[in-house]
Every structure is written in C-alpha cells, then in structure tokens.
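958 is the number that the working numbering gives the last residue of the sequence shown; the numbers go up by one with no jumps. Cβ coordinates follow ideal geometry from the N, Cα and C atoms, glycine included. Remember, predicted model here, so these are calculated numbers, not experimental data.
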Amino acid sequence: MKPFRWKALVALLVLMANAAISPPGVADAQSLFENRNDNRVDCYQNFTARKRGDTIAIVIVENTDIENRDQRRMDKAGASLSSQGFDYALSGDVGGAAGDLQVSTNSEHARDFRGDAQYRSERELNDRISVTVVDVLTNGNMVVEGSRTISLQGDVRCLKITGTVRQFDVLPNNSVPSYKVADMKLTIDATGAEQAFTSQGWLSRRFNRWWPF
C-alpha cells in the first residue's frame, strides 16, 4: 500500500471514530469563555469586588455636628412677721401699777440660682482608602479590612478601618461610600513631634483625672 493511501485511510478512521463518539446533531466548537483566567484581564467580566482577596475603595465622608444647650434658673423667697402684746394693771389701797409689753419680729430670706451651659462640636473627615475582602458571608456580604500608614518627617499617621459591605452597594468604579459600610470601625492614630506638642504630658493627665474643679 502506498504511503498516501495509508495516511488517507488513517484520517478516515479518525473521522469515523469522532463521529461515533459525538452525539448526533451536536457540533463541538471553542467557547469564548473557556480559557478565562482570574489572573488575567477579561473584557467580559465585572471587576468589582466579589470574592476573598479582592480590593475595594472606601470613600470616607463623615460629618459630625453636635450642639447641646442647658439653662436652669431657680428662685426661692420667704417672709415671716410676728407680733405679740401684753398688758397688765394692778390697783389697791396702797398703790397701783400698770405695764405694757410689745414684741415684734420680722424675717425675710431669698435664694437665687442660675446656670447656663453650652457645648458645640464640629468634625469633618474626608478621605479615601483601599481595603481587602477578608471574608464573604453566606448572604453575599463582604467583610473588609484595611489600614494605611504615612510617615512624614517623624510624624506617623495610621488609619485603620473595618466593616461589612453589601455587593449591591459597590459602585461600577469598585468603590463604596462610608455611610453604606455596616459596623464600620474607623481608628486614626498619630505619633511624632506634632502629637507630642498638642497632647498633655503624663503628669498633667494624672492631675486632671483627679482634679475636682
């Protein structure tokens, strides 16, 4: 048998075997999503955070405005007036006597108390930080956690944030506002020369703790 005929026979047998294995009426073709890899960019995939290890940006916009006012006034006044009189007279053959006694008392007192207290506090924090999804709950909510530390000329600022984010609240740009983060805990710590100048010393803190006035 010539080599050409032998190769043609082998190719025919292979085609017949594939036709026997494949179900009738089903055509095999390559899928556009078959070779998708999570480590590569996919133009057909949503890039918002969905699973553990993904990152998400939290836009921190916190405004706090507290105003408290307390005013008290107390007045108390009293007056007391008392008057007593006593008259007597004696007479007889030998002589007579007469007397008159008047006793009068007057008392007045007054008390006045006034108090006024005012308290007002305004705080505003605007920042943006990227956090990591550390866990995905059974209902799809994502537990996020992240921190950022900045050191500049001896002053260190550390921002830490934790909370729970719903997948529906994540915007298309993979960010979520801070007011939609449930159980959010935000901590800002500062150390350095600036913090040392704007904070009380250890001795002053002890005196202020027990100072009654």
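(request) Give a yes or no on whether the C-beta atoms belonging to T894 and T800 are separated by under 8 Å. (result) no
(message) By alpha-carbon positions, which one of E812, A802 and P917 ends up nearest to S892?
(response) A802
(message) Within the continuous beta strand (DSSP E) that includes S920, where are the two ends?
(response) S920 to P922
(request) Would you give the residue range spanned by the beta strand (DSSP E) that T883 belongs to? (result) Taken as a continuous stretch (DSSP letters only), T883 belongs to no beta strand (DSSP E), as it is neither H nor E.
(message) Three Cβ pairs or more, each shorter than 8 Å: is that satisfied between the stretch 897 to 914 and the stretch 849 to 865?
(response) Contact between the stretch 897 to 914 and the stretch 849 to 865 is absent, because fewer than three Cβ pairs lie under 8 Å.
(message) Checking the sheet assignment: what are the DSSP bridge partners for R868?
(response) T809
(request) Would you identify the three-state DSSP class for A794, choosing helix, strand or coil? (result) coil
(request) Give the DSSP-derived three-state secondary structure of D799 in the structure shown. (result) coil
(request) Sort out for me which residues DSSP pairs G891 with in a bridge. (result) According to DSSP, G891 bridges with I906.
(request) Please go through the same chain and pick out, in chain order, the residues whose beta-carbon is closer than 8 Å to the beta-carbon of R797, but skip the five residues on each side of it. (result) Scanning its chain for C-beta atoms nearer than 8 Å, with the 5 sequence neighbours on each side dropped, one finds around R797 the residues V878, V879, D880 and V881, in chain order.
(message) So, with DSSP's three-state summary, where would you put V876?
(response) Shown here, V876 sits in a strand according to DSSP, grouped into three states.
(request) Specify whether the stretch 855 to 872 and the stretch 810 to 823 touch according to this definition: at least 3 beta carbon pairs, one from each stretch, less than 8 Å apart. (result) By the C-beta criterion, the stretch 855 to 872 is judged to be in contact with the stretch 810 to 823, since at least 3 inter-stretch pairs fall below 8 Å.
(request) Taking only the alpha-carbon atoms, compute the straight-line gap between S866 and K821 and give it to the nearest angstrom. (result) 35 Å
(message) Run through the DSSP bridge pairs and tell me what G860 is partnered with.
(response) According to DSSP, which records beta bridges pairwise, G860 is partnered with R817.
(request) Using the Cα positions of I805 and M887, report the straight-line distance between them to the nearest angstrom. (result) Distance between the alpha carbons of I805 and M887: 18 Å.
(message) Just to confirm, is the Cβ distance from E869 to N808 under 8 Å?
(response) yes
(request) Note down, in chain order, each residue of its chain lying with its Cβ closer than 7 Å to the Cβ of D914, except the 5 sequence neighbours on either side. (result) V921 and K925
(message) Going by C-alpha to C-alpha distance, which of S849, E812 and T793 sits closest to L826?
(response) S849
(message) I'd like to know whether the C-beta atoms of T909 and A927 end up nearer to each other than 8 Å.
(response) Yes. Within cutoff.
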